[in-house]
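First up is the structure itself, then whatever we jot down about it.
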Amino acid sequence: MSYTINKLSAIKVRSVTRPGMYGDGAGLWLQVSKSGAKSWIFRYDFCGRRREMGLGSCHTVDLALAREKAKQYRLVLLEKRDPIEERDKARAEYVHQQAKRVTFDECASAYIAAHRGSWKSAKHAAQWETTIAAYVSPIIGALPVADVDTALVVKVLRPIWTTKTETATRLRGRIESILDWATTHKFRRDENPARWRGHLENLLANPNKIAPVKNHPALPWREIGGFMTELRKREGVSARAIEFAILTACRSGEVRGARWSEIDLDAKLWTIPAERMKAGKEHRVPLSTGAVAILAAIEQRGGFVFPGRDKETLLSDMSLTSVLRRMGRTDITVHGFRSTFRDWCSEYGKNSFSREVCEHALAHGLPDKVEAAYRRGDLLDKRVVLMQAWADYCGGME
């Protein structure tokens, strides 16, 4: 069956204004909209379906180019392929090739920027940036993120896997998160080469067997009275911060960041906001007479209870460690006093205080989720008694 082609002319294309469809033949149509806009349409049948494919505006695609495009797609049809599907595949491949130009460092920066607001502190973001800059960027930072494979991830991790195991395991997780982010944004296609289970665990040693997790060195609970006597002889904000941390069984970061606005001396209560807690949940700390005495003796000269060099500077963690070193106690850490408190609860106070009360005092979540669901309070009244008993014992009781 014969049919006419090239029925339109360049003059006709320029002059026609009435809305409608004007055929050039062999599936090529000029479309004039009600607004007067003109564009090219390629109509064809594929697998029993009528399909229409846009070829561009007449402002960009002239008659000769439209005919050439239509011819190319008719050739695709001869090969039993759908022109629209082939065009979409070509576009997807182009996007993928463009995405390959996005480097790992660019993705890392974008990931950190996207998640910075949800992280608890600027320190956390700084740790991401520092470790990536130190260990990842020199090796794969400038490479297209789509080209990062298992061999490259192992190349980053292997040099520090046995010497800086904790850092290496955290870094692996960070690389995995960044690559997942890149995949979600269509910058990658393949599976994540930084995943551990079923993948890197076959190539790298078990980190728990390389460097077993060690608890913070802690003072034996029977020695706390003598230690507190020596500590109270020390002057300065750092010494008082350690003393306060011991009496409240709180983390050093929670104590160093404590603000007067969180303290209610009349109620003998310290309320630490959720954003400053490791678990992201508000924690109420009952203040013993000893803890209140420390606060009462401190001059309020700014927002922080235990300020650094000036009233609006956070006291550094090293300043607390320095107190212990000057006392000749290089065998213990400030964080270890939480273990001292917990050991005291288990041994000395085991007949007086339940496990739940002691765990709440440390702001620990209950390991049994069912049990935790039924115990929604923070057992504050019972913790008042617990913390006073602990403070009395720290005062030198045998």
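Plus 1284 on top of the position in the sequence shown (first one is 1) and you've got my numbering.
Cβ coordinates follow ideal geometry from the N, Cα and C atoms, glycine included.
Note that this is a predicted model, so its numbers are computed, not measured.
Practice item. Could you tell me which residues DSSP puts in a beta bridge with I1325? Key: W1313 and G1338
Check your understanding: Start and end of the beta strand (DSSP E) containing V1569?
Key -> H1567 to P1570
Review point. How should I1526 be labelled, buried or exposed, when 16 other C-beta atoms within 10 angstroms of its C-beta is the threshold for buried?
Key: buried
**Study point:** P1443 classed as buried or exposed, judged by whether at least 16 other C-beta atoms fall within 10 angstroms
**Key:** exposed
Review point. So which of R1479, E1336, D1389 and F1590 has the shortest CA-CA distance to A1435?
Key: R1479
Practice item. Would you check if the stretch 1330-1338 and the stretch 1351-1371 touch, i.e. whether three or more CB-CB distances between them fall below 8 angstroms? Key: yes
Exercise for review: Round the Cβ separation of L1312 and A1354 to the nearest angstrom and send it over; I've been treating them as touching at under 8 angstroms.
Suggested key: 4 angstroms
Exercise for review: Would you tell me roughly how many angstroms separate the C-alpha atoms of G1320 and F1471, rounded to the nearest one?
Suggested key: 39 angstroms
Check your understanding: Under a three-way DSSP split, which group does W1403 fall into?
Key -> coil
Exercise for review: Please name the residue, chosen from P1591, R1540, R1327 and I1459, that lies closest to H1560 on a Cα-to-Cα basis.
Suggested key: Looking at the sequence itself, residue 1560 is Arg, so the reference to His does not match. Nearest option by C-alpha distance: R1540.
**Study point:** I1582 - partner residues in DSSP beta bridges
**Key:** Per DSSP, none; premise fails for I1582.
Check your understanding: Rounded to a whole number of angstroms, what is the C-alpha to C-alpha distance between R1543 and I1494?
Key -> 40 angstroms
Point to revise | Environment of D1372 [buried if 16+ CB atoms lie within 10 Å] | key: exposed
Review point. Under a three-way DSSP split, which group does W1445 fall into?
Key: helix
**Study point:** Rounded C-alpha distance that separates V1386 from A1392
**Key:** 11 angstroms
Point to revise | Bridge partners - Y1306, DSSP secondary structure assignment | key: L1314
Review point. In angstroms, rounded to a whole number, what distance separates the CA positions of I1289 and A1310?
Key: 6 angstroms
Check your understanding: Are the CB atoms of R1610 and R1516 nearer to each other than 9 angstroms?
Key -> no
Point to revise | Beta-bridge partners of F1588, as assigned by DSSP | key: R1543
Exercise for review: Excluding the 5 residues preceding and the 5 following P1428 in the sequence, name in chain order all residues of the same chain whose CB lies nearer than 7 angstroms to its CB.
Suggested key: K1384, R1385, V1386 and T1387
Check your understanding: W1554 bridges to which residues according to DSSP?
Key -> I1547 and V1569
Review point. Who pairs with L1598 in a beta bridge, going by DSSP?
Key: P1591
Review point. Quick one: Cα of N1486 to Cα of V1521, how far?
Key: 50 angstroms
Review point. Contact check, L1347 vs V1316 under 8 angstroms by CB: the rounded distance?
Key: About 14 angstroms; that fails the 8 angstroms criterion.
Point to revise | P1422 - DSSP class collapsed to helix/strand/coil | key: helix
Review point. Rounded to whole angstroms, how far is the Cβ of L1670 from the Cβ of R1568, which I believe are closer than 8 angstroms?
Key: Contact doesn't hold; Cβ gap of about 13 angstroms is too wide.
**Study point:** Simplified DSSP state of F1528, which is helix, strand or coil
**Key:** helix
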